[in-house]
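Report on one structure; see the data block that follows.
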Amino acid sequence: MLLASLRHPAILRSSYSETLFRTPAMETFHDNSLYVIEIGGNDYIVALTSFLYSPCYVATNFIPLVIAKIRNATEVLYANGARNFLYIGVTPLGCSPSLLSTFLLGAKDSNGCLRDINTLSYNHGLSLLNLVNQLRLNYTDATFSFLDYYAAYTQVIGNSSSYYRCSC
Numbered sequence: 001m002l003l004a005s006l007r008h009p010a011i012l013r014s015s016y017s018e019t020l021f022r023t024p025a026m027e028t029f030h031d032n033s034l035y036v037i038e039i040g041g042n043d044y045i046v047a048l049t050s051f052l053y054s055p056c057y058v059a060t061n062f063i064p065l066v067i068a069k070i071r072n073a074t075e076v077l078y079a080n081g082a083r084n085f086l087y088i089g090v091t092p093l094g095c096s097p098s099l100l101s102t103f104l105l106g107a108k109d110s111n112g113c114l115r116d117i118n119t120l121s122y123n124h125g126l127s128l129l130n131l132v133n134q135l136r137l138n139y140t141d142a143t144f145s146f147l148d149y150y151a152a153y154t155q156v157i158g159n160s161s162s163y164y165r166c167s168c
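For the sequence shown, the UniProt record's numbering assigns the number 1 to the initial residue and increments by one for each residue that follows.
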């Protein structure tokens, strides 16, 4: 539903208003809700593995489109009373087995992940964080939080021995 709604904001606007705000109880629930907004890494993976788009094209064209759609969805939610938002970045997609097996000859980083695709993932997160900061300035009565999934994931991959537990 969210992907369709991102493509057609009128669907989000009408279905959201008509279903969520019919009762006072739902209005109270809505006022205290946390809206989690995320584009799945699989959306980028599908674009990259379709061979219709290069990583450069995705970085240049797809990321700005995704961020614009997230902004639009946020503004629709905000206009309907939503005030608490959490935005989740993507993982380092260059570590994804499906992309590693698709781009066998791609340049790898020190963790064996695809460097160019991880740069794309990082840039998505940076663009999303920039959006969150803009939203914070524009809508001071709302809370906008960002979960840097990329940084958390790279911390674990880069320091995997720190997270290892012996089963003995």
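Don't be surprised by glycine CBs; every beta carbon is placed ideally from N, CA and C.
CB-CB length for residue i against residue j, believed under 8 Å
i	j	result
leucine 128	phenylalanine 144	With 8 Å as the limit, leucine 128 and phenylalanine 144 do not qualify as a contact, their Cβ atoms being about 11 Å apart.
leucine 77	tyrosine 44	Not really, about 23 Å apart at Cβ, beyond 8 Å.
residue 228	leucine 104	This structure does not reach residue 228, given that the chain is present from 1 up to 168, and the question cannot be answered.
Buried or exposed (CB count within 10 angstroms, at least 16 for buried), residue i
i	result
asparagine 32	exposed
serine 50	exposed
alanine 79	exposed
asparagine 130	exposed
glycine 158	exposed
asparagine 42	exposed
asparagine 61	exposed
tyrosine 164	exposed
serine 160	exposed
leucine 34	exposed
asparagine 118	buried
Of the listed residues the options, nearest to residue i (C-alpha basis)
i	options	result
threonine 91	Thr60, Gly112 and Thr154	Thr154
valine 132	Asn118, Ala59, Phe103 and Arg83	Arg83
isoleucine 67	Tyr87, Cys56 and Asn42	Tyr87
leucine 114	Cys95, Asn123 and Tyr122	Cys95
threonine 74	Leu48, Val156, Glu38 and Leu105	Glu38
valine 36	Ser162, Ile70 and Arg136	Ile70
tyrosine 122	Thr102, Asp141, Tyr150 and Gly112	Tyr150
glycine 81	Val46, Ser162 and Asp141	Asp141
proline 64	Val156, His124 and Thr102	His124
asparagine 72	Val156, Tyr53, Leu135 and Gly112	Leu135
valine 156	Leu137, Asn111, Val46 and Pro97	Asn111
Sheet register partners of residue i (DSSP bridge)
i	result
valine 36	Leu86
phenylalanine 51	None; phenylalanine 51 has no bridge partner.
phenylalanine 103	BP columns for phenylalanine 103 are empty, so no partner.
serine 145	Leu86
lysine 108	Leu114
8 Å Cβ cutoff met for residue i and residue j
i	j	result
valine 58	leucine 120	yes
proline 55	aspartate 109	no
glycine 106	aspartate 148	no
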